[in-house]
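Asks:
Protein chains: 2
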Amino acid sequence: MKRTRMDEASCPIARTLDVVGDWWSLLIVRDAFLGKRRFGEFQKSLGVAKNILSARLKTLVADGILASVPASDGSAFNDYVLTPKGRDLFPVVIALRQWGEKYGFSSGESFPPLVDAACGKPVAPLEVRDAAGKPLEPQDTILLPLPQEA
Amino acid sequence: MKRTRMDEASCPIARTLDVVGDWWSLLIVRDAFLGKRRFGEFQKSLGVAKNILSARLKTLVADGILASVPASDGSAFNDYVLTPKGRDLFPVVIALRQWGEKYGFSSGESFPPLVDAACGKPVAPLEVRDAAGKPLEPQDTILLPLPQEA
DNA sequence: CAAACTGGTTGCATTATAAAACCAATGACG
DNA sequence: CGTCATTGGTTTTATAATGCAACCAGTTTG
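So the sequence lines, in the order shown, correspond to chains A and B.
For the first sequence, the working numbering begins at 1 and goes up steadily by one.
For the second sequence, the working numbering begins at 151 and goes up steadily by one.
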């Protein structure tokens with residue numbers, strides 16, 4: 001009945017999804033990468049119900065992905081800013097973006113491109129690589145059995 | 151009341167999450183990367199309710215991420231295998247995995263490592279790079295306004 | 001000091017999820 | 001060739017999450 005938790009799973013993917021696998025968390029993180037920091041900014045950008053946003057911000061803060069800090073404009077409200085742990089979601093967000101760019105739009109549509117601020121060129125497609133830097137395909141990788149500590 | 155759809159969003163991230171942003175889809179995709187293909191294999195591995203799995207497999211097939219093909223063992227049932235579109239989720243899955251490896255486990259715990267099948271070494275951490283291959287931090291990137299086609 | 005704005009919380013309707021029971025079609029077995 | 005177990009689901013029912021709107025308190029604005 002209640003949502004299945006995956007915080008005990010042995011799989012790192014499951015543990016990540018347990019934290020940010022809902023419909024809104026990664027969009028909030030995306031907005032935070034884009035510089036949004038106020039409750040109202042997130043709410044307007046996402047169009048999410050305020051109670052949902054409130055709950056999500058609470059869990060993101062509790063999980064150490066966002067930090068609640070005094071507003072930068074001197075007002076009495078809070079800013080929600082990414083922690084280092086939150087900023088480490090950057091590759092996740094970029095991977096989702098690039099897949100969406102490739103498959104989420106019909107040929108007539110376009111989308112705002114994400115570019116290198118310095119040179120203005122688009123970000124390169126993410127590649128999974130081995131320790132030596134050689135690109136890896138899915139079938140080039142295997143999951144080893146869990147090392148037993150004993 | 152019904153779930154907010156994001157398939158009309160201008161943001162590629164939102165469109166991706168609209169397709170695979172639920173609790174189970176990316177775990178099914180993960181299992182598919184690991185070679186699982188039968189309904190029962192997914193069900194046992196994930197511990198998900200069968201009706202939910204059934205619904206998710208249907209949408210993943212409808213979205214072109216999985217394909218339903220006759221079972222490879224000659225039985226009358228279906229195999230669910232990744233399409234090229236599904237295989238392109240590899241960086242997404244790896245990004246989620248690496249974040250979970252870094253933040254999802256306490257120091258006493260361990261997890262099965264994903265390694266290069268050829269050399270046995272762990273997969274390298276994903277890096278966002280610019281067109282020239284230089285690593286980019288979040289603050290090094292900007293989102294340009296949507297190009298207007300007119 | 002009144003009005004409006006920001007940042008929420010509360011209550012209720014609806015939807016999605018979960019668990020279990022049920023069922024049809026194979027396949028295995030005597 | 002008839003019985004039984006397995007696989008792959010669907011149906012049913014209960015509960016949790018979501019979405020919306022109304023409400024409210026503290027702040028800022030006039």
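The C-beta atom is built at its ideal place from N, Cα and C for all residues, glycine as well.
(1) Take PRO262 (chain B) as the anchor and find which of A:THR4, A:LYS2 and A:ILE13 has the nearest alpha-carbon.
(2) Please go through the same chain and pick out, in chain order, the residues whose beta-carbon is closer than 8 Å to the beta-carbon of PRO272 (chain B), but skip the five residues on each side of it.
(3) Determine whether the Cβ of ALA300 (chain B) lies closer than 8 Å to any Cβ atom of chain A.
(4) Touch check for the stretch 74-81 of chain A and the stretch 30-46 of chain A: three-plus C-beta pairs under 8 Å?
(5) Listed from N- to C-terminal order along the chain, which residues in the stretch 218-249 of chain B have their beta-carbon within a distance smaller than 9 Å of any beta-carbon of chain A?
(6) Is it right to say SER25 (chain A) is buried, meaning 16 or more other beta carbons lie within 10 angstroms of its own, or is it exposed?
(7) Which chain A residues sit within Cβ distance under 8 Å of PRO285 (chain B)?
(8) Would you mind listing the alpha helix (DSSP H) stretches within the stretch 45-108 of chain A that are 4+ residues and don't spill past its ends, in chain order?
(9) Nearest CA to the CA of PRO241 (chain B): which residue from A:ASP130, A:CYS119, A:SER110 and A:LEU60?
(10) Where does ASP157 (chain B) sit, in a helix, a strand or coil, going by DSSP?
(11) Any idea what DSSP makes of VAL169 (chain B), helix, strand or coil?
(12) Using DSSP with H/G/I as helix, E/B as strand and the rest coil, what is ARG180 (chain B)?
(13) What did DSSP end up calling ALA300 (chain B) once you bin it into helix, strand or coil?
(14) Assuming contact is defined by CB atoms lying nearer than 8 Å, are VAL278 (chain B) and ILE28 (chain A) in contact in what I supplied?
(15) Starting from VAL265 (chain B) and walking both ways along the beta strand (DSSP E), at which residues does that stretch end?
(16) Would LYS152 (chain B) pass as an interface residue toward chain A - the criterion being a Cβ-Cβ separation below 8 Å?
(17) Any C-beta of chain B sitting closer than 8 Å to the C-beta of ALA124 (chain A)?
(18) Where do the N-terminal and C-terminal ends of the beta strand (DSSP E) with LEU293 (chain B) fall, by residue?
(19) Just to confirm, is the Cβ distance from LEU216 (chain B) to LEU203 (chain B) under 8 Å?
(20) Under 7 Å Cβ-Cβ, which residues of chain B neighbour GLU101 (chain A)?
(21) Give the residues of chain B in contact with LYS50 (chain A), contact being defined as C-beta atoms less than 8 Å apart.
(22) By DSSP, does PRO122 (chain A) sit in helix, in strand, or in coil?
(23) Of the residues B:GLY185, B:ASP181 and B:ALA212, which one's Cα is nearest the Cα of VAL198 (chain B)?
(24) Could you pull the DSSP bridge partners for PRO288 (chain B) from this structure?
(25) Check distances from the C-beta atoms of the stretch 177-189 of chain B to those of chain A and list, in chain order, the residues that come in under 8 Å.
Replies: Checking against the coordinates, here is how it stands:
(1) As a working mapping, residue 262 (chain B) is identified with position 112 in the second sequence. PRO262 (chain B) has its Cα closest to that of A:ILE13, out of A:THR4, A:LYS2 and A:ILE13.
(2) Taking the second sequence and counting its residues from 1, the one referred to as residue 272 (chain B) is at position 122. Cβ neighbours of PRO272 (chain B) beyond the five flanking positions: PRO263, LEU264, VAL265 and ASP266.
(3) Looking up residue 300 (chain B) in the second sequence gives position 150. Caution applies to ALA300 (chain B), whose pLDDT of 44 falls short of 50 and renders its modelled position unreliable; the model cannot decide the point.
(4) yes
(5) LEU232, LYS235, ARG237, ASP238, LEU239, PHE240, PRO241, VAL242, VAL243, ILE244, ALA245, LEU246, ARG247, GLN248 and TRP249
(6) Here the question's residue 25 (chain A) lines up with position 25 in the first sequence. Per the 10 Å Cβ criterion, buried.
(7) For the purposes of this step, residue 285 (chain B) is identified with residue 135 of the second sequence, where counting begins at 1. None at all; the shortest Cβ gap to chain A is about 10 Å.
(8) 50-62, 84-87 and 90-103
(9) One-based indexing of the second sequence puts residue 241 (chain B) at position 91. When only C-alpha atoms are compared, the closest one is A:ASP130.
(10) The residue you call residue 157 (chain B) lines up with position 7 of the second sequence. Coil.
(11) For the purposes of this step, residue 169 (chain B) is identified with residue 19 of the second sequence, where counting begins at 1. Three-state DSSP puts VAL169 (chain B) in a helix.
(12) Stepping through the second sequence from its first residue, residue 180 (chain B) is reached at position 30. Helix, per DSSP.
(13) Position 150 of the second sequence, counted from the start, is the residue given in the question as residue 300 (chain B). No answer about ALA300 (chain B) holds up, because its pLDDT of 44 lies below 50 and its placement is not dependable.
(14) Within the second sequence, the letter at position 128 stands for residue 278 (chain B). Within the first sequence, the letter at position 28 stands for residue 28 (chain A). Not in contact: VAL278 (chain B) and ILE28 (chain A) (Cβ atoms no closer than 8 Å).
(15) Here the question's residue 265 (chain B) lines up with position 115 in the second sequence. That run of the beta strand (DSSP E) goes 264-266.
(16) Counted from its first residue, the second sequence places residue 152 (chain B) at position 2. Answer no: the Cβ-Cβ gap between LYS152 (chain B) and chain A never drops below 8 Å.
(17) Working through the first sequence from its first residue, we reach residue 124 (chain A) at position 124. Yes, its Cβ sits closer than 8 Å to a Cβ of chain B.
(18) In the second sequence, residue 293 (chain B) corresponds to position 143, counting from 1. Counting along the chain, the beta strand (DSSP E) containing LEU293 (chain B) begins and ends at 291-293.
(19) As a working note, residue 216 (chain B) is residue 66 in the second sequence. As a working note, residue 203 (chain B) is residue 53 in the second sequence. Cβ atoms of LEU216 (chain B) and LEU203 (chain B): not closer than 8 Å.
(20) Walking along the first sequence from the start, residue 101 (chain A) turns up at place 101. By Cβ distance, chain B contributes PRO162.
(21) Position 50 of the first sequence, counting from 1, holds the residue named residue 50 (chain A). The contacting residues do not exist; LYS50 (chain A) stays about 13 Å from chain B at best.
(22) As a first step, residue 122 (chain A) is located in the first sequence; it is residue number 122 there, counting from the start. Note: PRO122 (chain A) maps to strand in three-state DSSP.
(23) In the second sequence, the residue the question calls residue 198 (chain B) occupies position 48. Of B:GLY185, B:ASP181 and B:ALA212, the residue nearest in Cα terms is B:ASP181.
(24) Numbered from 1 along the second sequence, position 138 holds the residue referred to as residue 288 (chain B). Partner(s): none; PRO288 (chain B) has no beta bridge.
(25) LEU177, ARG180, PHE183 and LEU184
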